[in-house]
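All remarks here apply to the structure that follows.
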Amino acid sequence: MNITRRPLLLAGLFAPAIARAQAAWRPDRPVRIVVPFAPGGATDVVARVLSETLAAQLGQPVVIENRAGGAAGLIGSDSVAKAAPDGHTLLLHSNAHVIAPSLVARMPYDPIADFAAVAYNGRVPQVLVVNNRLPVTDMASLITWLRANSGKINFASAGIGSGNHLASEVFRAALPGIEMQMVQYRGGGPAMAAVISGDAHMAIDPIASAVSHIRAGTVRAIAVAGPTRAAILPDTPSATEAGLPAWSIAAWFATFAPARTPPAAIATLNAAFNATSERLATRLGELGVEPQPQYATPEAVMAFVREDMVRSAAILRAAGVQPE
């Protein structure tokens, strides 16, 4: 294995911060990270990649618990919002965290007030994939097929309020006049399985969970959302290159604790997550996870989350999505 110096050097920079934080607080039992989606989706993949190295940083086992259910992962998120604020129960969520209020009229929790930001875990481009039996190879032939089959198209989504759902709504809005049936699954893993089997024609998924299926040839990649190609899928054109510049969106992942978690615990956890992300930079990069160092502090993470909630609400309103 080739180990580059940069991740080790940067991880070293975080060491004093970890030492200072841990002098004030350390977990005294296993840390539980709730992923509010089924196993196999992008959020789950990122959580599991981080968990082993994170455990070494914290000196305690890190347990991943999948609690799927509800729009935007409401069941898992609500369990963390109501957990003891002692630093031992965390939520690793996607941008679905800020989408929920635009879809659910009676939220059981407030995505801002009931959580404390811990760490930003990365940004991931979205990729459009289709079933291998579809007679399409690129965006132009896909759009032709969609127009010819309007009203008969099954579009798999990771569930109401997921980041995949938001990306899918942006895609649908970019192609007015084409009727697509959004089929909601309990996570990105089941949605991708539906595309592979042919139960669904297509899906949009973060590259982190889609790349293994694309490389295995079980689905066909059509385009990556946004203006640029993804480094790990160099042969897949961007949506702008493919002639659909209006489809531009990415997923993100962040970790939260219950509100009122002691600042010392947040500081230890933030330093541990940041150091873990640096140590695993190569592995995360292989999944298409892009670091965003401007969000290194909990305060910066929460400011970003607030802003993205406003952006996401505007996108969903424009797509005609109303809370129910």
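Going letter by letter, the sequence shown gives residues -23 to -1, 1 to 301 in mature numbering (1 follows the signal peptide of the UniProt record, and there is no 0).
Don't be surprised by glycine CBs; every beta carbon is placed ideally from N, CA and C.
Which of helix, strand or coil does DSSP assign to residue i?
{"i": "Ser225", "result": "coil"}
{"i": "Gln(-2)", "result": "Confidence is the limiting factor: at Gln(-2) the pLDDT is only 45, short of 50, which leaves the residue's position unreliable, though a coordinate-based value still follows. Helix."}
{"i": "Met84", "result": "coil"}
{"i": "Asn126", "result": "coil"}
{"i": "Arg100", "result": "strand"}
{"i": "Gln299", "result": "coil"}
{"i": "Asp285", "result": "helix"}
{"i": "Leu152", "result": "coil"}
{"i": "Gln161", "result": "strand"}
{"i": "Ile209", "result": "coil"}
{"i": "Glu218", "result": "coil"}
{"i": "Ser145", "result": "helix"}
Among the options, whose alpha-carbon lies nearest the alpha-carbon of residue i?
{"i": "Ile181", "options": "Gly220, Ala150 and Phe132", "result": "Phe132"}
{"i": "Arg3", "options": "Arg260, Pro235 and Ala244", "result": "Ala244"}
{"i": "residue 302", "options": "Val196, Ile89 and Thr217", "result": "Here the chain covers residues -23 to 301 and nothing more, so residue 302 does not appear."}
{"i": "Ala49", "options": "Ala60, Gly64 and Ala82", "result": "Ala82"}
{"i": "Glu29", "options": "Ser79, Ala252, Ile191 and Ala242", "result": "Ala252"}
{"i": "Pro7", "options": "Gly53, Arg256, Ile41 and Ala1", "result": "Ile41"}
Could you spell out the range, first to last residue, of the beta strand (DSSP E) harbouring residue i?
{"i": "Thr30", "result": "Looking at the DSSP string, Thr30 is not in any beta strand (DSSP E); the run it does join, the alpha helix (DSSP H), is Ala19 to Leu35."}
{"i": "Asn43", "result": "Val39 to Asn43"}
{"i": "Arg9", "result": "Val8 to Val12"}
{"i": "Val201", "result": "Val196 to Val201"}
Less than 8 Å between the CB atoms is what I'm expecting for residue i and residue j, so what's the real figure, rounded?
{"i": "Arg163", "j": "Ala45", "result": "5 Å"}
{"i": "Asn43", "j": "Ala19", "result": "The pair is not a contact, with the Cβ atoms about 13 Å apart (cut-off 8 Å)."}
{"i": "Ala135", "j": "Ala168", "result": "5 Å"}
{"i": "Pro183", "j": "Gly140", "result": "7 Å"}
{"i": "Ala150", "j": "Ala296", "result": "5 Å"}
{"i": "Met116", "j": "Ile199", "result": "6 Å"}
{"i": "Leu67", "j": "Val95", "result": "6 Å"}
{"i": "Arg260", "j": "Val26", "result": "6 Å"}
Output the boundary residues of the alpha helix (DSSP H) element that contains residue i.
{"i": "Asp55", "result": "Leu51 to Ala58"}
{"i": "Thr253", "result": "Pro240 to Arg256"}
{"i": "Ala193", "result": "Ile184 to Ala193"}
{"i": "His70", "result": "Segment Thr66 to Ser71 is the beta strand (DSSP E) holding His70; no alpha helix (DSSP H) there."}
Is the Cβ-Cβ distance between residue i and residue j less than 9 Å?
{"i": "Val101", "j": "Trp224", "result": "no"}
{"i": "Val107", "j": "Leu119", "result": "yes"}
{"i": "Tyr86", "j": "Ala58", "result": "yes"}
{"i": "Gly166", "j": "Gly17", "result": "yes"}
{"i": "Glu156", "j": "Val298", "result": "no"}
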